[in-house]
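Asks:
Numbering (the working numbering), first residue to last: 1 to 353.
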């Protein structure tokens, strides 16, 4: 049986989630007419790496993998086919470029990078070395997110007109100087957290490959996150080339918090007041007062992190483009940067930057 080997860089919370989830994939069957040992592929994390050896040691013991102190060791390992990157965002570019140059496919956590220049270097490195570049915008694999997009793209409620999403909570804990307190290193919470919601809106309202976001207007500022250098409240309007409008309310100033939204289509509204939690559901309401409810627990999905890694690996094995590409990751970064520019200038910002 063949093995598709993975190497992990960054053994913090998200890195651990990626590694544990990847090892849960088990064996994949290649899409062929005959099933043999040659068409079965075992997915396994071969080795993990972190600058904090206690993290890499603990994770390697928990998942029965090897460990190393230097990610360059992973790139020399012929057993490793792809690198999973779960470091602070400002480190993504150098690891991704080195990995691609070594002939390794790359899966990087969001945000892809904190600058468009870094995103472009990553995309170019993957293209030049004929490897795939995937980005961890995992909400595409969550029950509510994926079902909302499916309903919108089915066309059964007419074309979408507008979409709004809110994701709010309290301030991050963090000392001055920590990477999560510096926009240059984490991208601010609009990248570090809300890359997911930006991508969700863009992914849902783009009805074909030609649709794209053309204009950004944002307002907000820093109110409670005193140790950071970026806005902790953002109201973001996105205008798409197909005439639809997306709106995101993102913030770290809410003690109540919440995560939900809605899509208004020509014939109905698709309402999802609580994306996560016991009461998570989608409510569909038409103009003639008809309503339907889809409970999240009735939407059959794989665990999202496992699903995103499996989709990444299956695309590589099947010689297809990965489902969430560097172009998708770059778009989320570009929109966040445009939002920051809009807040600072008080003007609408046209895309591309």
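Note that the Cβ used here is the ideal one computed from N, Cα and C, for glycine as well.
Here's the rule I'm using: 16 or more other beta-carbon atoms within 10 Å means buried, otherwise exposed. How should residue 212 be labelled?
Replies: To locate residue 212, count along the chain shown from 1; it is residue 212. That one is exposed.
Asks: Select from 92, 114, 115, 117 the residue whose C-alpha is nearest the C-alpha of residue 106.
Replies: Within the chain shown, the letter at position 106 stands for residue 106. Nearest of 92, 114, 115, 117 to residue 106, Cα basis: 92.
Asks: Is it true that the region 219–230 meets the region 148–160, where meeting means three or more beta-carbon pairs spaced less than 8 Å apart?
Replies: no
Asks: Taking only three categories from DSSP, how would you classify residue 121?
Replies: Taking the first residue of the chain shown as position 1, residue 121 is located at position 121. If DSSP states are grouped into helix, strand and coil, residue 121 belongs with the helices.
Asks: If I measure Cβ to Cβ from residue 338 and keep anything under 7 Å in the same chain, skipping five residues before and after, which residues do I get?
Replies: As a position in the chain shown, residue 338 is number 338, starting the count at 1. Answer for residue 338: 216, 349, 351, 353, listed in chain order.
Asks: So residue 5 packs on residue 44, CB below 8 Å; how close in whole Å?
Replies: Reading the chain shown from its first residue, position 5 is the one you call residue 5. Reading the chain shown from its first residue, position 44 is the one you call residue 44. Going by Cβ atoms, the distance from residue 5 to residue 44 rounds to 6 Å, so yes, they are a contact pair.
Asks: If you follow the beta strand (DSSP E) that residue 238 is part of, which residue opens it and which one closes it?
Replies: Here residue 238 refers to the residue found at position 238 of the chain shown. Counting along the chain, the beta strand (DSSP E) containing residue 238 begins and ends at 233–240.
Asks: For residue 332 and residue 203, what's the separation of their Cα atoms in angstroms?
Replies: Within the chain shown, the letter at position 332 stands for residue 332. Within the chain shown, the letter at position 203 stands for residue 203. If you take the alpha carbons of residue 332 and residue 203, they lie about 10 Å apart.
Asks: Quick check on DSSP: helix, strand or coil for residue 300?
Replies: Locating residue 300 in the chain shown gives position 300, where the first residue counts as 1. Looking at residue 300 - three-state DSSP - the assignment turns out to be coil, as it is neither helix nor strand.
Asks: Which value, in whole angstroms, describes the spacing of the CA atoms of residue 219 and residue 237?
Replies: Walking along the chain shown from the start, residue 219 turns up at place 219. Walking along the chain shown from the start, residue 237 turns up at place 237. So the two alpha carbons sit approximately 9 Å from each other.
Asks: Which partner residues of residue 11 appear in the DSSP bridge assignment?
Replies: Within the chain shown, residue 11 is the residue found at index 11, counting from 1. In the DSSP output, where bridge partners are listed per residue, residue 11 has none listed.
Asks: Can you give me the start and stop residues for the beta strand (DSSP E) that residue 393 sits inside?
Replies: With the chain covering only 1 through 353, there is no way to say anything about residue 393.
Asks: When DSSP builds the beta bridges, which residues end up paired with residue 186?
Replies: If you number the chain shown from 1, residue 186 lands on position 186. The partner list for residue 186 (beta bridge, DSSP) is empty, contrary to what the question assumes.
Asks: Using the three-state DSSP reduction, which class does residue 280 fall into: helix, strand or coil?
Replies: Position 280 of the chain shown, counted from the first residue, corresponds to residue 280. Reduced to three states, the DSSP call for residue 280 is coil.
Asks: Beta-carbon separation of residue 190 and residue 230 under 9 Å?
Replies: Reading the chain shown from its first residue, position 190 is the one you call residue 190. Reading the chain shown from its first residue, position 230 is the one you call residue 230. For residue 190 and residue 230, yes; Cβs fall inside 9 Å.
Asks: Buried or exposed for residue 176, going by 16 or more other Cβ atoms inside 10 Å?
Replies: Counted from its first residue, the chain shown places residue 176 at position 176. Counting the other Cβ atoms within 10 Å of the Cβ of residue 176 gives fewer than 16, which makes it exposed.
Asks: For residue 199, which residues in the same chain have their Cβ closer than 6 Å to its Cβ, ignoring the five residues on either side in sequence?
Replies: To locate residue 199, count along the chain shown from 1; it is residue 199. Answer for residue 199: 137, 332, listed in chain order.
Asks: Measure from the alpha carbon of residue 52 to the alpha carbon of each residue in 19, 21, 29, 9, then state which is nearest.
Replies: In the chain shown, counting from the first residue as 1, residue 52 sits at position 52. Nearest C-alpha to residue 52: 9.
Asks: May I ask which residues mark the beginning and end of the alpha helix (DSSP H) holding residue 342?
Replies: Numbered from its first residue, the chain shown carries residue 342 at position 342. First-last of the alpha helix (DSSP H) with residue 342: 326–345.
Asks: May I ask you to report which of helix, strand or coil DSSP gives residue 229?
Replies: If you number the chain shown from 1, residue 229 lands on position 229. Here residue 229 sits in coil by DSSP.
Asks: If you draw a straight line from the C-alpha of residue 221 to the C-alpha of residue 275, how long is it?
Replies: Indexing the chain shown from 1 puts residue 221 at position 221. Indexing the chain shown from 1 puts residue 275 at position 275. Each residue's alpha carbon lies about 26 Å from the other.
Asks: In whole angstroms, what is the alpha-carbon distance linking residue 60 and residue 122?
Replies: Along the chain shown, read from residue 1 onward, the residue named residue 60 stands at position 60. Along the chain shown, read from residue 1 onward, the residue named residue 122 stands at position 122. Roughly 28 Å between the two C-alpha positions.
Asks: Can you tell me whether residue 195 is buried or exposed? The criterion is at least 16 other CB atoms within 10 Å of its CB, across all chains shown.
Replies: In the chain shown, the residue the question calls residue 195 occupies position 195. When all chains shown are included, residue 195 counts as buried.
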